[in-house]
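S.K.: First the structure, then my questions, so here it is.
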Amino acid sequence: DAAVALDQRLGAITTLSASFTQLARDAGGRQIQSVPGSMALKRPNLLAWQTQDPIPQRIVSDGQSLWIYDVDLEQVTREPASSLLNTPAGLLLNLDSSALSERFEVSQSQVREGIDSFTLIPLDEQIYQMIVIEFAGALPVLLGVLDSTGQQTRITLREVQLNRDIDDARFEFTPSADVDLIDAR
Amino acid sequence: CAVQPGAPLTGPNDAQITGRVSLTHDGRRDAGGFTYRSAGARQSWILFGPTGTAVGELSSGPRGARWQPTDGDALAAADIDALVETALGVAAPLASARDWIWGRVPLGASARDGGFNLNGWRLEWLKYTADGVPRLMRLTRGDTELRLVAKTWQ
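Written as structure tokens, this is what we have:
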């Protein structure tokens, strides 16, 4: 069934790196923001996520904390490691077979030639109304979320590399001295 | 580096400035975007959430101030500072924004090293652009901190 098929694809990913474009549309479908960036992730809970202008930001999950660095505002917010689950990329890391069938209704369809699309509807009310993950073969190429306000965020992945060796140092974050840090754990 | 320009700045009256803003209050922080417009005696602030969705528009002019949320009923008040506290539950000294956003000390404020004090608020111009326009500003009062970074000026 679809959950098993999705679990096999996600389960095969131990590391992932990609560049991306993050597109946000409001509930009316109007594009409100397009942000380029790059990301790397490593099971079970390491993430390095970076966006450029108009909103330069770095999000790093080092396994202990989730660091959110707003470059323009020169501010860092340190959140508990569990906050990783509230980020779309964090979903890719944390969807394993037990989570899938218990927490989501999963369906599968072929949207275009060679593109398999999985739709996940949370069984209990969460941050997201719907999640969409599309694959070209084994490669994830799109991650989309529809949040509770009706806003859509589509993250189109390019130059995707799976299961390459990624040094843990990439998932370390040390706020520089002059940055304003708030500890929200 | 906070290079303080020599002559006081006289920004254009009709302007649009966009940037990012964060509000830290009670140990909680929210960040988003803003578009500030001023024209004559009128000013307006469109506020955006973290992912870019418009939250609402604050506007003020000779006949008072108004908060129009993206979804929800409008609110009105005599002046924009009172309105901000009612509408957003947090105070902010926006009435004098026309001055401080351009690096000028507002009337009635007492200038003090790199900023000024006004109605219990402390404003500091932390960083400037190459041509001496404030880029990063911090407004603090009690445990509330508003931080603005201006990114485009038109």
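Note that the protein sequences, when read in sequence, are chains A and B. Heads up, the first sequence is in the working numbering, so the first residue is 295 and it goes up one at a time. Heads up, the second sequence is in the working numbering, so the first residue is -8 and it goes up one at a time. The C-beta atom is built at its ideal place from N, Cα and C for all residues, glycine as well.
Mind pulling the chain D residues with CB within less than 9 Å of Leu127/B?
M.R.: Here chain D cannot be found, since the structure's protein chains are A and B.
S.K.: Are any of the Cβ atoms in chain A nearer than 8 Å to that of Thr15/B?
M.R.: Yes - at least one Cβ of chain A is within 8 Å of the one on Thr15/B.
S.K.: Name, please, each residue of chain A whose Cβ falls closer than 8 Å to the Cβ of Arg20/B.
M.R.: Going along chain A in sequence order, the residues near Arg20/B (Cβ under 8 Å) are Gln369, Thr371, Ile476 and Ala478.
S.K.: In angstroms, rounded to a whole number, what distance separates the CA positions of Pro348/A and Thr42/B?
M.R.: So the two alpha carbons sit approximately 11 Å from each other.
S.K.: Counting only runs of 3+ residues fully inside the region 348 to 417 of chain A, write out the beta strand (DSSP E) ranges in chain order.
M.R.: 351 to 356, 359 to 364, 369 to 374, 398 to 406 and 409 to 416, all fully within the region 348 to 417 of chain A.
S.K.: Tell me the rounded alpha-carbon separation between Ser395/A and Asp295/A.
M.R.: Rounded to whole angstroms, Ser395/A to Asp295/A spans 10 Å at the Cα level.
S.K.: Could you check if Gln325/A is buried or exposed, using at least 16 other CB atoms within 10 Å of its CB as the buried criterion?
M.R.: Exposed is the call here.
S.K.: Where do the N-terminal and C-terminal ends of the alpha helix (DSSP H) with Asp72/B fall, by residue?
M.R.: Element bounds for Asp72/B: Ile71 to Leu79.
S.K.: May I ask you to verify whether the region 360 to 374 of chain A touches the region 465 to 478 of chain A, counting CB pairs closer than 8 Å and requiring at least 3?
M.R.: Taking 8 Å as the limit for Cβ pairs, the verdict is that the region 465 to 478 of chain A does touch the region 360 to 374 of chain A.
S.K.: I'd like to know whether the C-beta atoms of Leu417/A and Arg397/A end up nearer to each other than 8 Å.
M.R.: It is a contact, given that the beta carbons lie within the stated cut-off.
S.K.: Taking only three categories from DSSP, how would you classify Val96/B?
M.R.: Looking at Val96/B - three-state DSSP - the assignment turns out to be coil, as it is neither helix nor strand.
S.K.: For Gly331/A, name the three-state secondary structure that DSSP assigns.
M.R.: Strand.
S.K.: For the 8 Å Cβ check, are there 3 or more pairs between the region 73 to 83 of chain B and the region 47 to 54 of chain B?
M.R.: A contact exists between the region 73 to 83 of chain B and the region 47 to 54 of chain B.
S.K.: With respect to the beta strand (DSSP E) encompassing Val298/A, which residues constitute its N-terminal and C-terminal limits?
M.R.: Counting along the chain, Val298/A falls outside any beta strand (DSSP E), though it belongs to the alpha helix (DSSP H) covering Ala296 to Gly305.
S.K.: Considering only the beta carbon of each residue, do Ala383/A and Met333/A sit closer than 8 Å?
M.R.: Yes, the Cβ-Cβ distance between Ala383/A and Met333/A is below 8 Å.
S.K.: Around the Cβ of Asn339/A, are there at least 16 other Cβ atoms within 10 angstroms (buried) or fewer (exposed)?
M.R.: So Asn339/A ends up on the buried side.
S.K.: Check whether chain A comes within 8 Å of Ala113/B, counting only Cβ atoms and requiring the distance to be less than that.
M.R.: Note on residue identity: the sequence assigns Arg, not Ala, to residue 113/B. Judged by the 8 Å Cβ criterion, Arg113/B is not in contact with chain A.
S.K.: Helix, strand or coil: how does DSSP classify Arg89/B here?
M.R.: DSSP places Arg89/B in helix when its eight states are reduced to three.
S.K.: Closest Cβ-Cβ distance between Val81/B and chain A: below 8 Å?
M.R.: Chain A, which has no Cβ nearer than 8 Å to the Cβ of Val81/B, makes this no.
S.K.: Within 10 Å of its beta-carbon, does Arg54/B have 16 or more other beta-carbons around it, so buried, or fewer, so exposed?
M.R.: It counts as exposed.
S.K.: Under the DSSP definition of a beta bridge, which residues are partnered with Leu139/B?
M.R.: For Leu139/B, which the question treats as bridged, DSSP gives the partners Val12/B and Met128/B.
S.K.: Strictly under 8 Å for the Cβ-Cβ distance: is Gly132/B near chain A by that measure?
M.R.: First, the amino acid is wrong: residue 132/B is Arg here, not Gly. No, its Cβ sits nowhere closer than 8 Å to a Cβ of chain A.
S.K.: From which residue to which residue does the beta strand (DSSP E) around Glu428/A run?
M.R.: First-last of the beta strand (DSSP E) with Glu428/A: Tyr422 to Ala430.
S.K.: Please state whether DSSP places Phe465/A in a helix, a strand or coil.
M.R.: Note: Phe465/A maps to helix in three-state DSSP.
S.K.: Name the one or two DSSP bridge partners that Asp477/A has.
M.R.: According to DSSP, which records beta bridges pairwise, Asp477/A is partnered with Arg372/A.
S.K.: Once DSSP output is grouped into helix, strand and coil, what is the label at Ser50/B?
M.R.: Looking at Ser50/B - three-state DSSP - the assignment turns out to be strand.
S.K.: Verify the CB distance criterion: does Ile326/A have a CB-CB separation below 8 Å to chain B?
M.R.: Taking Cβ atoms only, chain B reaches closer than 8 Å to Ile326/A, which makes this a yes.
S.K.: Below 8 Å between beta carbons: does that hold for Leu127/B and Val140/B?
M.R.: In this structure, Val140/B lies closer than 8 Å to Leu127/B by Cβ.
S.K.: Please list the residues of the region 41 to 62 of chain B that have a C-beta atom closer than 8 Å to any C-beta atom in chain A, keeping them in chain order.
M.R.: Answer in chain order: Thr42, Gly43, Thr44 and Ala45.
S.K.: Do the CB positions of Pro97/B and Asp90/B come within less than 8 Å of each other?
M.R.: A contact, by the Cβ cut-off of 8 Å.
S.K.: Would you please verify whether the beta carbon of Val140/B is less than 8 Å from any beta carbon of chain A?
M.R.: Interface residue, yes.
S.K.: Helix, strand or coil for Phe30/B, going by three-state DSSP, please let me know.
M.R.: Position check: residue 30/B holds Ala in this sequence, whereas Phe was assumed. Ala30/B falls in the strand class under three-state DSSP.
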